[in-house]
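Undergrad:
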Amino acid sequence: MSCSRRQFIQLSAGIALASGAMPYAARAAAPIGDTPLPIPPLIESRRGQPLFLTLQRSHWSFSGNSNKVPVWGINGMYLGPTVRVYSGDDVKLIYSNRLNEPVSMTVSGLQVPGALMGGAPRLMSAGADWAPVLPIRQGAGTLWYHANTPNRMAPHVYNGLAGMWLVEDDVSKSLPLPKHYGVDDFPLIIQDKRLDNFATPVYNPPSNGGFIGDVLLVNGVQNPYVEVSRGWVRLRLLNGSNARRFDLSFSDNRPFTVIASDQGFLPAPVAVQLLSLAPGERREVLVDMSQGDEVSITAGTAAGIMDRLRGLFEPSSILTNTLVLSLRPTGLLPLVTDNLPMRLLADQILDGVAVRTREFRIGDSEPGINGVLWDMNRIDTTVQQGTFERWIIHADRPQSLHIQGVMFLIKNVNGAQPMGEDRGWKDTVWVDGSVELLVSFPQSSSDHFPFVYYSQALEMADRGTAGQLLVNPTS
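Per mature numbering (1 follows the signal peptide of the UniProt record, and there is no 0), the sequence shown runs over residues -28 to -1, 1 to 447.
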């Protein structure tokens, strides 16, 4: 259809007028990288001192300016501080619930007995505390702590009850890798949200599936940048979204150097052009900034003007901004310039022999696993500590699955070999069709304190897409 000059001017004016009336989320979306990356404070357990994590209301600016809106968070900020612990330590946590409703907390990826995992049996009423002592007996890794309140996990995580949890050990301390927190080692918590005209988060859970927003946030802000030295930089990536999966790439098409997954280091670094990050999944990557060129990480293509206009009238699942982070090299002296180690783990990852095979079908339009809804009074799966099992997971609606208290290897994905970056020990897996896992059960649980496996599409978990796992202790 042809368009006269007058019609074109009228159409352009109409679009400009409409864009002026757009919600904040649709307008402030240019990937300009003009907000400094917030670095969550680092708290560590030293000399037996407890770590205090207070769940409370706070205020935060998602645009990085002075416009602060009400949020939930931990220790007075949106999200929470980064916790760093050391393998071999016994860490005392003191959770304090200063919100006006019950909350339970957990650390996804932590290898501890069921009685220390949190969840429904450790629900804190308003004004209550929970003070577990956690034995840290696992290899270095990037984990995360978050609310897992029964039937309320999705809104609680969305509101801001989450943070990163780092485990260090002798291996991680000896490898020539960036390890100076906030200098060449950065946490990146990636989320999607909906923001109203005042940049306040809006949460309307869907009737099925999980919540998908249209604004990309990293550590609670849009379009962040960070200044780095001209050497190796380490990024610890966590997808803290309720349901969205991200596909990440560099603006100059350089590869990601992946060094770790959910449960710690890969056997050796793996280079990939496109890096997927499912809800609840963690990956550690290295970036070589020695050439001195600015580079950005993006998550796909941002919505065009027509998509944003449509978003005025109906919820959109297309991101209006897709910049994850701009890395800007400065004149700072690099801390790590060595060549990457060829191997990250001294020994090959060893397979175990599966003692049995189980199949699990995750709900689609109807919630549940294998046709039944989560019931805290029912044990769904019973296994023996110290054994391996073959679990085959089916899902018609793509989603990720997390299993507490275990470690697993992905053996195949829809009949094919897993990608190189997925060949380490994990606890969270993206399921689109079927995956086969070799699951290890190093920790025990009990009838009163079972582990839970659940959909990381958090609204689906809240609707009952979860099961309870009893790991009988070795005699």
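Note that CB positions come from ideal geometry on N, CA and C, so glycine has one too. Remember, predicted model here, so these are calculated numbers, not experimental data.
In this structure, how does DSSP classify L381 when only helix, strand and coil are distinguished?
TA: Here residue 381 is taken as the residue at index 409 of the sequence shown, counted from 1. DSSP places L381 in strand when its eight states are reduced to three.
Undergrad: Run the CB neighbour count on E73, radius 10 Å, all protein chains shown included, and call it buried at 16 or more, exposed below.
TA: On the sequence shown, residue 73 is found 101 positions in, with the first residue counted as 1. E73 comes out exposed.
Undergrad: Can you tell me whether DSSP reads S289 as helix, strand or coil?
TA: To locate residue 289, count along the sequence shown from 1; it is residue 317. Three-state result, S289: coil.
Undergrad: From R70 to P173, what does the alpha carbon distance come to, in whole angstroms?
TA: Here the question's residue 70 lines up with position 98 in the sequence shown. Here the question's residue 173 lines up with position 201 in the sequence shown. R70 and P173: Cα-Cα distance of roughly 21 Å.
Undergrad: Counting contacts by CB-CB distance shorter than 8 Å, is Q163 in contact with chain D?
TA: No chain D is part of this structure, which consists of one protein chain only.
Undergrad: I need the straight-line Cα distance from T292 to D186, nearest angstrom please.
TA: As a position in the sequence shown, residue 292 is number 320, starting the count at 1. As a position in the sequence shown, residue 186 is number 214, starting the count at 1. Roughly 6 Å between the two C-alpha positions.
Undergrad: Does DSSP classify K145 as helix, strand or coil?
TA: Working through the sequence shown from its first residue, we reach residue 145 at position 173. Of the three classes helix, strand and coil, the one that applies to K145 here is helix, per DSSP.
Undergrad: Around the C-beta of Q245, are 16 or more other C-beta atoms found within 10 angstroms, so that it is buried, or is it exposed?
TA: On the sequence shown, position 273 is the one that residue 245 refers to. Under this definition Q245 is an exposed residue.
Undergrad: Within 10 angstroms of its Cβ, does D265 collect 16 or more other Cβ (buried), or is it exposed?
TA: Mapped onto the sequence shown, residue 265 falls at position 293. When all chains shown are included, D265 counts as exposed.
Undergrad: Could you have a look at E266 and say whether DSSP puts it in helix, strand or coil?
TA: In the sequence shown, the residue the question calls residue 266 occupies position 294. Of the three classes helix, strand and coil, the one that applies to E266 here is coil, per DSSP.
Undergrad: Within the same chain, show all residues whose beta-carbon is closer than 8 Å to that of V257, passing over the 5 residues directly before and after it, in chain order.
TA: Against the sequence shown, residue 257 aligns to sequence position 285. If we look at V257 and ignore the five residues flanking it on each side, its Cβ neighbours are R206, L207, L209, F228, T229, V230, I231, L247.
Undergrad: Is the CB-CB distance between F183 and N211 below 8 Å?
TA: Indexing the sequence shown from 1 puts residue 183 at position 211. Indexing the sequence shown from 1 puts residue 211 at position 239. Contact flag unset, no.
Undergrad: For a quick check, are the C-beta atoms of L115 and G81 less than 8 Å apart?
TA: As a position in the sequence shown, residue 115 is number 143, starting the count at 1. As a position in the sequence shown, residue 81 is number 109, starting the count at 1. Taking 8 Å as the Cβ cut-off, L115 and G81 qualify as a contacting pair.
Undergrad: Using the rule of at least 16 other Cβ atoms within 10 Å of the residue's Cβ for burial, across every protein chain shown, is F285 buried or exposed?
TA: Stepping through the sequence shown from its first residue, residue 285 is reached at position 313. Residue placement at F285 is poorly supported in this model, since its pLDDT is 49, which falls under 50; the coordinates still yield a value, given next. So F285 ends up on the exposed side.
Undergrad: Three-state secondary structure (DSSP) at V155?
TA: Counting from 1 along the sequence shown, the entry for residue 155 is found at position 183. The answer is coil: DSSP assigns V155 none of H, G, I, E or B.
Undergrad: Taking only three categories from DSSP, how would you classify V187?
TA: Walking along the sequence shown from the start, residue 187 turns up at place 215. Residue state, collapsed to three classes: strand.
Undergrad: Within the continuous alpha helix (DSSP H) that includes S131, where are the two ends?
TA: The sequence position of residue 131 within the sequence shown is 159, counting from 1. Per the sequence shown, the amino acid found at residue 131 is Asn instead of Ser. First-last of the alpha helix (DSSP H) with N131: 125 to 131.
Undergrad: To the nearest angstrom, how far is it from the Cα of R29 to the Cα of G48?
TA: Counted from its first residue, the sequence shown places residue 29 at position 57. Counted from its first residue, the sequence shown places residue 48 at position 76. Approximately 7 Å between the Cα atoms of the pair.
Undergrad: Give me, in chain order, the residues of the same chain whose beta-carbon lies closer than 6 Å to that of P13; leave out the 5 immediate sequence neighbours on both sides.
TA: Taking the first residue of the sequence shown as position 1, residue 13 is located at position 41. P53, listed in sequence order.
Undergrad: Would you report the Cα separation of I46 and L133, rounded to the nearest angstrom?
TA: For the purposes of this step, residue 46 is taken as the residue at position 74 of the sequence shown. For the purposes of this step, residue 133 is taken as the residue at position 161 of the sequence shown. Taking the straight line joining both Cα atoms gives about 6 Å.
Undergrad: Can we say the segment 339 to 359 touches the segment 186 to 198, given the rule of at least three CB pairs closer than 8 Å?
TA: The segment 339 to 359, when compared against the segment 186 to 198, does not touch it at the 8 Å Cβ threshold.
Undergrad: Assuming A100 and F421 are in contact, meaning their beta carbons sit under 8 Å apart, how far apart are those beta carbons, in whole angstroms?
TA: Reading the sequence shown from its first residue, position 128 is the one you call residue 100. Reading the sequence shown from its first residue, position 449 is the one you call residue 421. About 18 Å; that fails the 8 Å criterion.
Undergrad: Answer with buried or exposed for R216, where buried requires no fewer than 16 other C-beta atoms within 10 angstroms of its C-beta.
TA: Your numbering for residue 216 matches position 244 in the sequence shown. Flag for R216 reads buried.
Undergrad: Distance, Cα to Cα, D368 vs G303?
TA: Reading the sequence shown from its first residue, position 396 is the one you call residue 368. Reading the sequence shown from its first residue, position 331 is the one you call residue 303. Looking at the two C-alpha atoms, the distance is approximately 50 Å.
Undergrad: Please report how far the alpha carbon of F380 lies from the alpha carbon of R330, in whole angstroms.
TA: Position 408 of the sequence shown, counted from the first residue, corresponds to residue 380. Position 358 of the sequence shown, counted from the first residue, corresponds to residue 330. In a straight line, the C-alpha of F380 is about 14 Å away from that of R330.
Undergrad: Between which two residues does the beta strand (DSSP E) containing E361 stretch?
TA: Position 389 of the sequence shown, counted from the start, is the residue given in the question as residue 361. 360 to 375 is the span of the beta strand (DSSP E), which, as asked, contains E361.
Undergrad: For the beta strand (DSSP E) holding E331, just list the boundary residues, first then last.
TA: For the purposes of this step, residue 331 is taken as the residue at position 359 of the sequence shown. Note, E331: beta strand (DSSP E), 326 to 334.
Undergrad: Evaluate contact between the segment 143 to 151 and the segment 115 to 129, counting only Cβ atoms and requiring at least three cross-stretch pairs below 8 Å.
TA: No, the segment 143 to 151 does not touch the segment 115 to 129.
Undergrad: Is it buried or exposed, Q389, if we count other Cβ atoms within 10 angstroms and call 16 or more buried?
TA: Reading the sequence shown from its first residue, position 417 is the one you call residue 389. With fewer than 16 Cβ atoms within 10 Å of its Cβ, Q389 is classed as exposed.
Undergrad: What do you reckon, are the CB atoms on R56 and L188 nearer than 8 Å?
TA: Sequence index remark: in the sequence shown, residue 56 carries index 84 (1-based). Sequence index remark: in the sequence shown, residue 188 carries index 216 (1-based). No.
Undergrad: Would you kindly check if the distance between the Cβ of G340 and the Cβ of T437 is under 8 Å?
TA: Locating residue 437 in the sequence shown gives position 465, counting from the first residue. Locating residue 340 in the sequence shown gives position 368, counting from the first residue. Closer than 8 Å, so yes.
Undergrad: Assign E338 to one of two classes, buried (16 or more other C-beta atoms within 10 Å of its C-beta) or exposed (fewer than that).
TA: Position 366 of the sequence shown holds residue 338. The residue is exposed, with fewer than 16 neighbouring Cβ atoms inside 10 Å.
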